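One structure is given here, and the rest of the page talks about it.
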Amino acid sequence: MPAATMDEVVALAKRRGLIFPASEIYGGIANTYDYGHYGVLLKRNVIDEWWRAMVFERDDIVALDSAIIQHPRTWEASGHLAGFTDPLVQCLGKCKRRFRLDHLQEEAEARGEDPAKVVCPVCGGELSEPRAFNLMFETTIGPVQEAGAAVYLRPETAQGIFLDFKQTLQYARKRPPFGIAQVGKSFRNEITPGNFIFRTLEFEQMEMEFFVPPDEAGKWYDYWRQERLDWYARLGISRERLRLREHTLEELSHYSSGTADVEYLYPIGWSELEGVANRGDFDLTQHAKFSGEKLEWKDPQTGKGYVPHVIEPAAGVGRTILALLCEAYDTDELGGEERTVLRLHPSVAPVKVAVLPLLRKAGHPEVAREVYESLRTRMSAEYDDGGAIGRRYRRQDEIGTPYAVTIDHQTIEDRTVTLRDRDSLTQERVPIAELADELGRRVTNRTPA
Ligand code: ATP
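Be aware that the sequence shown starts at 1, since it is given in our numbering, and climbs by one per residue.
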């Protein structure tokens, strides 16, 4: 069973300012969302966790931040100009909307229906024959559109990594197997509506290209499939709603000798969170051909060289966030009232601890500020002294804050505070002097994979 419905998650994300439709004062724009304060913090945490797993906890991967607009030949070499097309169908019934046939078919399959019999999901009308259209956004460099050079907003971050392969080899002092990791925005002219941040026009990708000796490609493909699946489990996603799905022969891209999707059981059914592909030597060979540069690794001792094969785990930040929100959304009963709570893992929660003074009496706000100041330098903390304590807890529960500290009479007497746990609802007394260390331990305590 999916953990929550899409409507519940969308409503909470908007209510608490995590994620909401972009350009709303103009009526919004299709498949485009803005991230508010807590959404930004959540996104940063997801990206930080990825960098941690990819770069900081290993010695064999380096970071890169390449340009969004690359030389247009890039997309000829990669095959995106000719091949990055999708079948577009139009509703012949009442609504006349356009859809991607492959998406409608995937959704039908996820619902257990016959993909060959899809109709318009909006009005039930018959669909036209599919037409191919390119997903890349095109623009022009130069002041006059006709005379300028046509360029494209990158539809994936991966190609920038291949373009900088030689450069990186020179300064990073690595030899295969080694990887180059990048996080950044990509753009696709997606026309399928709906499903919140699952499919957007602009989105952030977390991609890593792992360059290996050709005869080790199979081994590393298996390794990265498992590694990436485990990463999601460590972020608190339940194993029952995570799976690896190997692509069938018909689904495989022309360059790939193996692709597995890490899938999550979203409210829309099992869908792709991340793709892990064994890309062979396709990309380096193509860019070598189109650029005239030699893109290979040469053993300095033997002088022998080869074109490394590439294993690529390609994840989406938005899809990870959506999975985390769906997974974390929960309701229970507290003091006779229904409570909505985001049970986010502390490592990704936007705010780790809220400091809530109970009384406005002299001495209380001062101690509360002191506690807050001591915590905020260590972790994302929030100070809230406005309104009834129940309402303040509810706000923090809804944005997934795992811990809350209250300052009361006893604090003034013995310098202890109450530490409330969002999930167990236990309240313990902890000395102020030990609070930061105690919280630091709890927040960084990761779920074993
Ligand atoms: P799909 O088949 O769902 O369109 P894809 O197989 O084309 O996805 P990839 O090219 O493998 O996607 O991109 C890698 C990852 O980037 C995806 O697993 C997903 O997390 C993310 N991604 C791709 N397209 C989008 C999009 N339009 N909006 C949000 N995330 C996306």
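Here a beta-carbon is modelled for each residue, glycine too, at the ideal position from N, C-alpha and C. No experiment lies behind these values; they were computed from the predicted model shown.
- When distances are taken from the beta-carbon of L273 to the heavy atoms of the ligand ATP, the shortest one is below 7 Å.
- The C-beta of R100 has 16 or more other C-beta atoms within 10 Å across all chains shown, which makes the residue buried.
- The alpha-carbon of E293 is positioned some 56 Å away from that of Y383.
- In this model, E327 and A277 are separated by some 26 Å (Cα to Cα).
- For Q205, the distance from the CB to the nearest heavy atom of the ligand ATP is below 7 Å.
- With 16 or more neighbouring CB atoms inside 10 Å of its own CB, I197 falls in the buried class.
- The three-state secondary structure of K117, taken from DSSP, is helix.
- Residue pairing of G275 in beta bridges, as defined by DSSP: D261, A314.
- Out of R415, V405, I191, G440, the CA that lies nearest to the CA of I29 is found in I191.
- Here the C-alpha atom of E107 lies approximately 9 Å from the C-alpha atom of S271.
- Non-local beta-carbon contacts of V341 in its own chain, meaning distances under 6 Å to residues more than five positions away in sequence, involve D330, D397 in chain order.
- Distances between the C-beta of A288 and the heavy atoms of the ligand ATP are all 7 Å or more.
- With distances taken between CA atoms, R391 lies nearest to L334 out of L344, L334, E413, V9.
- With a 10 Å radius around the Cβ and a threshold of 16 neighbouring Cβ atoms, P431 comes out exposed.
- Here DSSP, grouped into helix, strand and coil, assigns S238 to coil.
- Taking 7 Å as the cut-off, one finds at least one heavy atom of the ligand ATP near enough to the beta carbon of R199.
- Secondary structure at H364: helix, using DSSP grouped into helix, strand and coil.
- For A116, the distance from the CB to the nearest heavy atom of the ligand ATP is not below 7 Å.
- Here the C-alpha atom of L252 lies approximately 35 Å from the C-alpha atom of V40.
- Judged by DSSP secondary structure, M208 falls within the beta strand (DSSP E) whose first and last residues are 202-212.
- Judged by beta-carbon spacing, Q170 lies beyond the 8 Å limit of E207, meaning their Cβ atoms are not closer than that value.
- DSSP assignment within the segment 83-127 yields the following whole alpha helix (DSSP H) runs of 4 residues or more, N-terminal first: 101-110.
- For the options L104, E246, S291, V118, the alpha carbon positioned closest to that of P72 is the one of S291.
- E250 and G83 have their C-alpha atoms spaced approximately 15 Å apart.
- Using a C-beta cut-off of 8 Å, the segment 120-137 makes contact with the segment 84-95, since at least three inter-stretch Cβ pairs fall below that distance.
- The residue from V405, E413, H37, A22 with its alpha-carbon nearest to that of E438 is V405.
- With fewer than 16 other CB atoms across the displayed protein chains lying within 10 angstroms of its CB, G112 is exposed.
- Sixteen is the threshold: since fewer than 16 other Cβ atoms of the shown chains lie within 10 Å of the Cβ of R429, the residue is exposed.
- Per DSSP, H409 has no beta bridge partner at all.
- Taking L64 as the centre and dropping the five residues before and after it, the same chain places the C-beta of G160, I161, D164, T168, I180, A181, Q182 closer than 8 Å to its C-beta, in chain order.
- If you compare the alpha carbons of G258, K166, P313, P213 with that of A53, the shortest gap goes to P313.
- Per DSSP, the beta-bridge partners of P431 are T416.
- Using a Cβ distance threshold of 8 Å, R225 and S186 do not count as a contacting pair.
- From the listed residues E296, D261, R394, the smallest Cα separation to D423 is found for R394.
- Assignment of L64 by DSSP, reduced to helix, strand and coil, places it in the coil class.
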